[in-house]
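The sequence shown lines up with residues 441 to 595 when you count with the working numbering.
Positions of the beta carbon are idealized from the N, C-alpha and C atoms, including for glycine.
This structure is a prediction, so every number in the text was calculated from the model and none was measured.
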Amino acid sequence: MSPAVNNELEENVLFAAKIMVNILAEALIGAKVQSLSAPQYRILDMIYSGVDKPAELARMLDISPPAVSWTLTKLEGGGFVDRSHTKEDRRRVVLELTGMGKDVVRRVNVRRRKLISAVLGRMDYGTIKQLETSLGAFTESYLQMKGEKRAGDHV
Numbered sequence: 441m442s443p444a445v446n447n448e449l450e451e452n453v454l455f456a457a458k459i460m461v462n463i464l465a466e467a468l469i470g471a472k473v474q475s476l477s478a479p480q481y482r483i484l485d486m487i488y489s490g491v492d493k494p495a496e497l498a499r500m501l502d503i504s505p506p507a508v509s510w511t512l513t514k515l516e517g518g519g520f521v522d523r524s525h526t527k528e529d530r531r532r533v534v535l536e537l538t539g540m541g542k543d544v545v546r547r548v549n550v551r552r553r554k555l556i557s558a559v560l561g562r563m564d565y566g567t568i569k570q571l572e573t574s575l576g577a578f579t580e581s582y583l584q585m586k587g588e589k590r591a592g593d594h595v
């Protein structure tokens with residue numbers, strides 16, 4: 441652990457994460473999709489960003505394939521996701537958002553951006569630039585730890 445990491449910093453990061461979850465919840469409610477949980481929305485957002493295999497979702501989210509399958513069944517039943525098999529390999533499942541699924545992700549992300557912009561709008565320019573740098577470093581560190589790349593914003 442870096443000498444600069446301390447309990448206060450960890451608590452601040454955890455609190456900021458809670459705020460981001462609150463922003464997601466507010467956006468889901470504002471977009472009138474209260475039927476979706478945050479984890480379900482996360483999967484929709486990842487599919488929207490280009491993840492098209494259940495196994496890839498499980499790996500990236502560090503959850504079991506059966507948990508992903510269960511969630512996909514719920515999302516498919518709600519009309520948000522289509523699962524199909526490739527012609528080349530009938531065992532391979534491919535995921536795609538339905539029109540409704542795409543619309544939900546777009547609407548929720550617009551609301552999330554507005555809420556985040558409102559928070560940032562209350563901060564001074566210097567603090568925003570520091571935050572931008574810090575979040576970039578935090579993101580890169582996480583991606584390195586997970587062996588991921590930034591492409592597609594799958595995180």
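Let me know if residue i comes out buried or exposed under the rule of 16 or more other beta-carbons within 10 Å of its beta-carbon.
i, result
"G490", "exposed"
"A558", "exposed"
"A591", "Only weak support exists for where A591 lies, its pLDDT of 49 falling under 50; the value from the coordinates is given anyway. A591 comes out exposed."
"L449", "exposed"
"D502", "exposed"
Taking only beta-carbon positions, decide if residue i is within less than 8 Å of chain B.
i, result
"S489", "Annotation note: the requested chain B is absent from the structure, which comprises a single protein chain."
Could you compute how far the alpha carbon of residue i sits from the alpha carbon of residue j?
i, j, result
"D485", "V545", "6 Å"
"A471", "R530", "36 Å"
"L476", "T526", "28 Å"
"A467", "T511", "20 Å"
"G561", "K569", "12 Å"
"G566", "V473", "36 Å"
"L538", "N446", "Looking at the sequence provided, one finds Thr at residue 538 rather than Leu. Those two C-alpha atoms are separated by around 44 Å."
"A498", "S504", "6 Å"
"S574", "R552", "20 Å"
"N462", "L535", "28 Å"
"P494", "L515", "13 Å"
If you follow the beta strand (DSSP E) that residue i is in, where does it begin and where does it stop?
i, result
"L484", "Taken as a continuous stretch (DSSP letters only), L484 belongs to no beta strand (DSSP E), being part of the alpha helix (DSSP H) at 478–488."
"R523", "521–525"
"E536", "533–537"
Residue range of the alpha helix (DSSP H) that residue i falls in?
i, result
"E451", "447–470"
"V473", "Per DSSP, V473 belongs to no alpha helix (DSSP H) and is neither H nor E."
"V508", "505–517"
"M585", "565–586"
In chain order, what residues of the same chain lie with their CB nearer than 8 Å to the CB of residue i, ignoring the 5 residues before and after it?
i, result
"K542", "Y488"
"M540", "G519, F520"
"T513", "none"
"M563", "L571"
Which whole-angstrom value describes the C-beta separation of residue i and residue j, a residue pair presumed to lie in contact below a C-beta threshold of 8 Å?
i, j, result
"Y481", "V548", "7 Å"
Closer than 6 Å by C-beta to residue i: which residues in its own chain qualify, once you throw out the five before and the five after it? Chain order, please.
i, result
"L464", "A478"
"V508", "P494, L497, A498"
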